[in-house]
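According to the numbering used here, the residues represented by the sequence shown are 120 to 494, in order.
Beta carbons: idealized from backbone N, C-alpha and C, even for Gly.
Just so you know, these numbers come straight off a predicted model, no measurement behind them.
See structure below.
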Amino acid sequence: MSTFRVCFCFRRRFKIREAEPPQDIIDLFNQYSENGTMGIDHLHRFLLEFQREKNATKENAEAIFHSLKHLNVFHRKGGLHLNAFFRYLLSDHNPPIPPSPQVHHDMNAPLAHYYLYTGHNSYLTGNQLSSDCSSEPIKKALAKGVRVIELDLWPNATGDKVEVCHGGTLTTPVGLMKCLHATKDYAFVISDYPVVITFEDHLTPALQAKVAKMVSKTFGEMLHLPESESLAEFPSPESLKKKIMISTKPPKEYLETQDSMEETTQQEEAEEGEAEPNEDGVKAPEYKKLIAIHAGKPKGGVQSWLRTDLNKVRRLSLSEQELEAISRSHGTEIVRFTQKNLLRIYPKGARFDSSNYNPLLGWMHGAQMVALNMQ
Numbered sequence: 120m121s122t123f124r125v126c127f128c129f130r131r132r133f134k135i136r137e138a139e140p141p142q143d144i145i146d147l148f149n150q151y152s153e154n155g156t157m158g159i160d161h162l163h164r165f166l167l168e169f170q171r172e173k174n175a176t177k178e179n180a181e182a183i184f185h186s187l188k189h190l191n192v193f194h195r196k197g198g199l200h201l202n203a204f205f206r207y208l209l210s211d212h213n214p215p216i217p218p219s220p221q222v223h224h225d226m227n228a229p230l231a232h233y234y235l236y237t238g239h240n241s242y243l244t245g246n247q248l249s250s251d252c253s254s255e256p257i258k259k260a261l262a263k264g265v266r267v268i269e270l271d272l273w274p275n276a277t278g279d280k281v282e283v284c285h286g287g288t289l290t291t292p293v294g295l296m297k298c299l300h301a302t303k304d305y306a307f308v309i310s311d312y313p314v315v316i317t318f319e320d321h322l323t324p325a326l327q328a329k330v331a332k333m334v335s336k337t338f339g340e341m342l343h344l345p346e347s348e349s350l351a352e353f354p355s356p357e358s359l360k361k362k363i364m365i366s367t368k369p370p371k372e373y374l375e376t377q378d379s380m381e382e383t384t385q386q387e388e389a390e391e392g393e394a395e396p397n398e399d400g401v402k403a404p405e406y407k408k409l410i411a412i413h414a415g416k417p418k419g420g421v422q423s424w425l426r427t428d429l430n431k432v433r434r435l436s437l438s439e440q441e442l443e444a445i446s447r448s449h450g451t452e453i454v455r456f457t458q459k460n461l462l463r464i465y466p467k468g469a470r471f472d473s474s475n476y477n478p479l480l481g482w483m484h485g486a487q488m489v490a491l492n493m494q
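So this is what it looks like as structure tokens:
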């Protein structure tokens, strides 16, 4: 019943007629009712057969009855009459998509088919130049659901231990073991899907061997060891549940075959990106076996960076500026590259305050690892 004002002075009351059930609803009701009444058993059969809710139980049907009690839509015999059934079909209790607590994503495709929540310089507590390095930001990032952690590995002052810090800055270092233990303890608090640790490696072969022992001892069975050095495609997230993967590139600053001038040049080039590995460099074999995702930026420019190999997948890193520049002329090649390989985008070096860029451009081109500062 509704009231309307006529000519600004008179009021008239009109009774609003409810919509009548269409013939197909009447036929449906007659099919799942008896003597004009739909009971709990009838409704349960309707949910199973017509709605195809395979997991519907009699308790679900009772819950629907209970939720409709306040509408006074029940027949005197205790069941639903036609109009009550029609109102139920149009109510919030019958959504077009049945609610489900389960995730419906197919996680059996190769890892390159998914976006990975990626952190940048995950050990920093604040800005990129003078903040402290700590394991606490790693814990916080993993607790937020981050799946890719970045650690920069450097020798300490005496060259006999490994530290995690932002090289060439005033950031105070933190021990690698603290970062590894933090990763182990918090890796699967939010999700069982794999965690990737990207090492920015500035170590000698002797220190690489130490890192290999530390990683193996800390993670044990959690560590995913690749079956071969080169993979035709990455494993699926489903097959990697509760696993930790190592991704890195060969060392540059401390290769035994390089002189000091070459070290300085390559350190500048490799601050965040990845140069082509020096095949003459010595590399600890036990360290090499840990690398599940090989990283590298081949020489020869953009065409070489984005070249795909049918028999080998890899990870490529580009700065936000590099992505913006090459996406204008090589957008199709970037998308083709990310169909099989992993692409990581990282903030430009001028973001000293740990600010972030717009991640949309990377995602549009299929970049799976759009690294963001979590500080």
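The Cβ-Cβ distance between S254 and A306 does not fall below 9 Å. Listed in chain order, the non-local C-beta contacts of N275 below 6 Å within the same chain comprise E282, local neighbours out to five positions each way being set aside. The shortest C-alpha to C-alpha distance from H200 to any of P229, Y233, L162 is the one to L162. Proximity to V265 across Q247, T277, M226, Y242 peaks at Y242, based on C-alpha coordinates. Less than 9 Å divides the Cβ of T290 from the Cβ of C284. Residue state for L272 is assigned as strand, using DSSP reduced to three classes. Taking C-beta separations shorter than 6 Å and ignoring five residues to either side along the sequence, the partners of F205 in its chain run P140, I144, following chain order.
Under DSSP, V314 forms a beta bridge with I363. The closest CA to that of M493, considering only I410, Y476, A175, is found on Y476. In the three-state scheme derived from DSSP, where H, G and I count as helix and E and B as strand, K280 is classed as coil. Separation of A414 and F184 (C-alpha to C-alpha, rounded to the nearest whole angstrom) is 59 Å. Pairing L342 with L435 gives a Cβ-Cβ distance that is not under 9 Å.
Between K459 and V421, the beta carbon gap of about 18 Å keeps them out of contact (Cβ cut-off 8 Å).
Straight through space, the alpha carbons of F456 and M364 are spaced by roughly 21 Å. Secondary structure of R455 (DSSP, three-state): helix. In this structure, the straight-line span from the alpha carbon of N202 to that of N179 is close to 21 Å. Where H343 is concerned, there is no enclosing alpha helix (DSSP H), because DSSP gives it neither an H nor an E. Each of S358, A403, S366, E348 was checked against the Cα of L322, and the nearest Cα belongs to A403. Segment contact: the stretch 228 to 240 against the stretch 206 to 213, fewer than three CB-CB distances shorter than 8 Å; contact not assigned. The beta carbons of S349 and V315 sit no closer together than 9 Å. CA-CA distance, G245 to E269, rounds to 15 Å. By alpha-carbon distance to A138, the top candidate from I412, I445, L208, L359 is L208. Distance between L429 and K360, taken at the CA atoms: about 26 Å. DSSP places M226 outside both helix and strand once states are collapsed to three, so it counts as coil. In this chain, Y151 is not harboured by any alpha helix (DSSP H), its DSSP state being neither H nor E. In the structure shown, the three-state DSSP call for A325 is helix. Bounds of the beta strand (DSSP E) holding H413 are 410 to 413.
At a Cβ-Cβ threshold of 9 Å, G198 and L491 do not count as neighbours.
Apart from sequence neighbours up to five positions away, the residues of its chain that approach A411 with a beta-carbon distance below 6 Å are H343, P345, M364, I365, ordered along the chain. For P417, the closest alpha carbon among the candidates E405, L437, H449 is that of L437.
As DSSP reads the structure, T237 sits in a beta bridge with V267, A490. Between the C-alpha atoms of M333 and M296 there is a straight-line separation of about 7 Å. Across the set L442, K407, E172, A328, the C-alpha of L442 shows the shortest separation from the C-alpha of A486.
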